[in-house]
Structures are given as C-alpha cells and as structure tokens.
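In the UniProt record's numbering, the protein residues as written are 1 to 44.
Shown next, in structure tokens, is the structure this report addresses.
Structure, rendered in structure tokens:
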C-alpha cells in the first residue's frame, strides 16, 4: 500500500503523490494536501 511505502521510504515522492490522490478521491482534503506537500519536499 502507499502508506506502507512512505513509511519505508519517506522520500518516495510517487508514493506520496498517489496517497494524496487517494485521499483527494475520498474528500479528505487536509490529508491530501499534506501528502502533496511531502511529495514536493521529496522531489522539488
């Protein structure tokens, strides 16, 4: 799962991006934004 992937490698931007999209689909916008910010930090 994406959550496991980011736990194993906090710098895995694609997993953060996918997790953010998943949260967005479920209208969990705060969690989604957090994931998108982490993706940007990992891969500016």
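Ideal placement from N, C-alpha and C gives every residue a C-beta, glycine not left out.
Going by C-alpha positions, residue 19 is about 7 Å away from residue 32. Separation of residue 35 and residue 13 (C-alpha to C-alpha, rounded to the nearest whole angstrom) is 9 Å.
Just so you know, the alpha carbons of residue 16 and residue 39 end up roughly 5 Å apart.
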